[in-house]
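The structure appears right after this line, and notes come after that.
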Amino acid sequence: MARLCVLLAALMAAPGAAHGQACEPATWVRLEGAVAAAPAREVLAEMAKRDVVLLGETHDEADDHRWQLHTLAALHVLRPDMAIGFEALPRAAQPALERWVRGELAFEQLLEQAKWREVWNVDPELYRPLLEFARLHAVPALALNVGKAERATLSRPAPPPPAYLEVLRRAFRAHRGGNRREGGAEDEKAFEAFVRAQQGWDRAFAEGLAARAGRGGKGTLAVGIIGSGHLRDGHGVALQLRDLGIERVGTLLPLRAPEDCGELNPGLADAAFLLPPRPAGEKREQPGKPRLGVQLKPGDDGVRLVAVTEGSLAERAGLRKGDIVVSLAGRRLESGAAGAARLVEAVREQPAGTWLPLQVRRGDGVVDIVVRFPAAE
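Residue 0 is where the sequence shown starts when you use numbering that gives the first Met the number 0, and the numbers rise one by one after that.
Following this line, the structure appears as structure tokens:
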């Protein structure tokens, strides 16, 4: 799901006029009516009067999460009665999340009990400061996400507006490997299922936040930490919140100046914060330790690769979707979540410039794979 959210955010970033006068790094820009720079104190004071505030992100962008943390801290000063909802955590993780906030779990225990590496597959260190903020300030934390089975328990979502449907259709085409037109009834049914899944997530996040939100700018301020693809133009979570009777919704997005200046159009959000540009020659930050570039599904017979990212270490090493990792550095891999956790930790602890031998079951045979980690620059 994390990769799909990135795709949706990119597709929803419709081109527009570059508002140069309002596109300076490290500034807030209002996007209600005329596009104009605004003091941080005014933007945040207005957001503190809302019932729900949605903070967007690209899941693997470290600067987005730093901005979320600073914005959370400022809002908490203005509205100490707060709850924080996380798209990254499924509803089944709620008991573990509550134990974490009470200080009863170490961070690694939270990840294990929440099955983080099975359901999210994004570096947990990116979210750690946000989770630590909730723990340090005793702010209730909410697990907002749902799986396929849980979607059946959701209330009926508000229908998507045509503009949102068009965004979802483009995302559907890209997700299926190209911008081709659908080829008939079978593809249309698949698209309808795709829309239902997206709406299910939008509705789930909205329900979780609405259940804790105050009304009329009083009581609990519910803050959502959610991918920007669910928030842009008010089509996703904000639409579902309004359908649930929450009218006072604020949406704030992080954008990068100057590359995202063309996105500063009225209605994109209530306001955007313009992150500074990356230094010349610096690639998009990949924080933390090495990543193999796979999605894992623990099983009784090993750890299955349910997705392999294009251009990743895994793909370059020859790993394929459907492979089952059965041995790691010459030692048999445990079954279930323990095996998946050991594989993830082995990858993250691998020194630069070294090799990691794996053995995978592929079809009826067993294949030896060597992952070569790049040397440190």
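Think of the CB as a built atom: it goes at the ideal place given N, C-alpha and C, for glycine as much as any other residue.
Fair warning: this is a prediction, and the values are worked out from it, not measured in the lab.
When you compare the CB positions of residue i and residue j, do they come within less than 8 Å of one another, or not?
{"i": "VAL343", "j": "LEU332", "result": "no"}
{"i": "THR70", "j": "LEU54", "result": "yes"}
{"i": "ALA157", "j": "GLN93", "result": "no"}
{"i": "ALA95", "j": "ARG211", "result": "no"}
{"i": "LEU291", "j": "VAL365", "result": "no"}
{"i": "SER227", "j": "LEU251", "result": "no"}
{"i": "ARG49", "j": "VAL248", "result": "yes"}
{"i": "ALA162", "j": "HIS234", "result": "yes"}
{"i": "GLY207", "j": "LEU143", "result": "yes"}
{"i": "ALA256", "j": "GLU31", "result": "no"}
{"i": "PHE85", "j": "LEU135", "result": "no"}
{"i": "LEU273", "j": "ALA25", "result": "yes"}
{"i": "GLY301", "j": "GLY329", "result": "no"}
Counting only the same chain and skipping the five closest in sequence on each side, list residues whose C-beta sits under 6 Å from that of residue i.
{"i": "GLN294", "result": "ASN120, VAL305, ALA306"}
{"i": "LYS296", "result": "ARG303, VAL305"}
{"i": "ASP363", "result": "none"}
{"i": "ARG361", "result": "ASP322"}
{"i": "VAL100", "result": "ALA133, ARG134, ALA140"}
{"i": "HIS75", "result": "MET81"}
Among the residues of its own chain, which have a CB less than 8 Å from the CB of residue i, if the five just before and after it don't count?
{"i": "ALA33", "result": "PRO265"}
{"i": "TRP354", "result": "VAL369, VAL370, ARG371, PHE372"}
{"i": "HIS64", "result": "GLU56, LEU125, TYR126, PRO128, LEU129"}
{"i": "GLY102", "result": "ARG134"}
{"i": "GLU258", "result": "PRO276"}
{"i": "LEU153", "result": "VAL145, GLY199, ARG202, ALA203, GLU206"}
{"i": "PRO38", "result": "TRP27"}
CB-CB under 7 Å to residue i, same chain, minus the five flanking residues each way: which ones, in chain order?
{"i": "PHE219", "result": "The identity of residue 219 in the sequence shown is Thr, whereas the question assumes Phe. Taken in chain order, the residues that qualify are ASP80, MET81, ALA82, ARG211, ALA212, GLY213."}
{"i": "GLU149", "result": "ARG90"}
{"i": "ILE245", "result": "ASP50, VAL51, ALA209, ALA212"}
{"i": "ALA205", "result": "VAL236, GLN239, LEU240, LEU243"}
Let me check one thing: in DSSP terms, what residues is residue i bridge-paired to?
{"i": "GLY364", "result": "ARG361"}
{"i": "ALA81", "result": "For the sequence presented, residue 81 should be read as Met rather than Ala. According to DSSP, which records beta bridges pairwise, MET81 is partnered with LEU220."}
{"i": "ALA270", "result": "ARG29, LEU251"}
{"i": "ARG371", "result": "TRP354"}
{"i": "PRO89", "result": "ASN144"}
{"i": "LEU54", "result": "ILE224, LEU251"}
{"i": "ALA37", "result": "TRP27"}
The region 191-199 touching the region 157-175, judged by at least three CB pairs closer than 8 Å
Contact between the region 191-199 and the region 157-175 is present, because at least three Cβ pairs lie under 8 Å.
Between the region 254-274 and the region 71-84, can you find at least three pairs of beta-carbon atoms closer than 8 Å?
no
Could I get the ranges of all uninterrupted alpha helix (DSSP H) runs contained in the region 161-230, with 4 residues as the minimum, in chain order?
161-174, 184-209
Where are the alpha helix (DSSP H) runs, 4 residues long or more, that stay fully inside the region 280-335, in chain order?
312-316
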